[in-house]
Structures are given as structure tokens and as C-alpha cells.
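Before any comments, here is the structure.
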Ligand code: MG
Ligand code: MG
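Numbering (our numbering), first residue to last: 22 to 287.
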């Protein structure tokens with residue numbers, strides 16, 4: 022059952038999302054060759070607690086960490102290890118928070134040092150597909166329009182769209198209805214309405230879209246070992262239009278990217 026949120030509830034979701042946004046900004050400054058993912062995880066937890074919030078993932082479904090850190094061929098749900106990052110890695114950092122009973126949940130894929138141009142392109146197209154999916158989250162559209170927008174853009178560039186993992190509603194639970202696939206048909210699925218709050222999160226691969234779970238019960242890797250990227254925002258529909266509750270601006274500030282240069286025209 023979809024829970025439609027009041028404006029006051031949307032503000033609570035925004036506050037939780039912004040805790041994650043600031044956490045990702047803090048992490049962005051730390052990402053470089055030699056850094057251990059477990060240290061990033063510890064810093065993120067300390068920061069979230071300092072904001073009067075709690076980690077959103079840790080303890081949920083038995084998740085042992087504050088961040089899910091997914092490197093290279095790991096699509097999502099990578100557990101933080103003590104293996105240092107190396108130049109040329111890409112690393113998706115997915116972070117959750119819970120503040121005043123409401124969840125924030127978003128993710129950014131970072132470059133570690135200099136990255137292959139073909140991999141940079143994967144990141145660019147995945148982020149574009151996120152914003153195109155968000156643009157389709159408007160009154161009159163249906164869930165399939167979001168998935169279609171993401172899938173069309175990713176596949177146009179020859180990339181794979183992961184099927185087994187999807188976006189989701191977000192609220193007082195991390196995962197609420199509806200599921201938000203990153204693939205779909207225009208005009209199909211549930212009608213999108215004001216008060217819906219979604220975590221939209223394309224997971225895009227350089228090869229096959231097929232994935233496998235490792236024996237740790239968490240890590241999701243591409244079957245062919247090719248790189249994957251993941252970007253996620255929390256979005257509410259307000260006045261028939263998508264309003265992004267999370268922001269990458271703290272990440273951009275940390276990385277010295279002008280947010281205006283990174284705006285994707287939707
Ligand atoms: Mg997430
Ligand atoms: Mg999510």
C-alpha cells in the first residue's frame with residue numbers, strides 16, 4: 022500500500038535526506054587511493070550520530086554497517102572492507118539515515134583518482150538517467166514512465182539496466198511501496214500522485230545487466246565482472262512535479278565541481 026505524505030511529513034523526509042547529503046559530502050573529501058572503506062564507514066556513523074540522527078541501514082535486515090560501499094563490479098550492497106581503494110576504482114557509497122522517525126537514503130558513485138574515460142562516461146550516463154527518471158515522476162505519468170526514461174537513456178549508450186534491484190517508496194520505513202524498477206513501459210503501472218515519496222536509484226552496468234549475490238549474503242556483483250554505477254535521490258511529488266529532497270551539492274562542493282556545470286537539463 023502506498024503511503025501518501027503530507028507536506029509536514031515531506032519536510033521530515035527532507036531533513037533526514039539532508040543528513041545523508043551532508044554525510045556524502047564529508048565522505049567525498051576522504052575518497053582517495055589508500056583509504057580503507059571501513060574507515061569511511063566509521064566516519065559516516067560518527068557524523069550521522071553528531072547530527073542527532075541514526076544510521077538508517079545498520080541493524081536493518083541485519084546490515085552490519087552505516088555505509089554500503091560498492092567498488093567496480095559490485096553494483097550495490099558492498100560491505101565496507103579494510104582493502105584500500107586504488108587509483109582508477111569507482112566506488113558507490115550508499116547511505117541511510119533515520120531522523121525523527123523518517124528515513125533518508127541516497128547514493129553517489131565516486132571516482133578514485135584518475136579513472137578510465139569509458140568508466141567516467143558510465144558514471145555520467147547513470148547520473149543523467151537518474152535525473153531523467155526523476156523528471157518523469159510527475160502528475161499524469163505512471164511508474165513505468167520513470168523506468169522507461171532510465172532504461173531508454175542507459176540502453177541508448179549500450180549499457181545494462183539491472184533488473185533484480187529496484188528503487189522504492191520511502192517514509193517511516195526505508196522500503197515502502199511502490200517498487201520503482203529502472204526499466205519499464207511508458208504509460209504502464211501505478212499512477213503517480215502528489216504526496217508520493219520515492220527513492221529513485223538507477224543501477225547501470227557496462228556489460229550484461231545480470232547480477233549475482235556473493236556468499237556473504239550482501240554483495241551484488243555483475244555476472245561478467247564489468248563495472249557498475251549507482252546514483253540515488255529521494256524525491257517527493259509536490260504540486261504535480263518532482264521535488265528532490267536530497268542534494269549532491271555537498272559532494273560537488275567537496276569535489277570542486279560547480280553544481281551549475283553538472284545540472285542536467287530535464
Ligand atoms: Mg540507497
Ligand atoms: Mg534505496
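By construction, the Cβ of each residue, glycine as well, lies at the ideal position given by its N, Cα and C atoms.
Asked	Found
For the pair the segment 179-194 and the segment 103-116, tell me if three or more CB-CB distances fall below 8 Å.	no
Could you give the DSSP three-state label for residue 287: helix, strand or coil?	Unreliable positioning characterises residue 287 in this predicted model, as indicated by a pLDDT of 46, which lies under 50. The coordinate reading is nonetheless provided below. Correct three-state label for residue 287: coil.
Residues around ligand 2, please: the ones whose beta-carbon is closer than 6 Å to some heavy atom of it, in chain order.	126, 189, 220, 222, 253
Ordered along the chain, which non-local residues of its own chain (more than five positions away) have a Cβ less than 7 Å from that of residue 81?	195
Please classify residue 91: does DSSP put it in a helix, a strand, or coil?	strand
What residues in its chain sit with their C-beta under 8 Å from that of residue 287, if we drop five residues either side in the sequence?	Caution applies to residue 287, whose pLDDT of 46 falls short of 50 and renders its modelled position unreliable; the value that the coordinates give is listed next. Closer than 8 Å at Cβ, skipping near neighbours: 152, 153, 155, 156.
At what residues does the alpha helix (DSSP H) containing residue 71 begin and finish?	58-71
Using DSSP with H/G/I as helix, E/B as strand and the rest coil, what is residue 173?	helix
Could you give the distance in angstroms between the alpha-carbon of residue 136 and the alpha-carbon of residue 110?	7 Å
Is residue 103 near ligand 4, judged by its Cβ being under 7 Å from some heavy atom?	Among the ligands present in this structure, namely ligand 1 and ligand 2, ligand 4 is not found.
According to DSSP, is residue 119 helix, strand or coil?	strand
On the criterion of 16 or more Cβ atoms from any shown chain inside 10 Å, does residue 271 qualify as buried, or is it exposed?	buried
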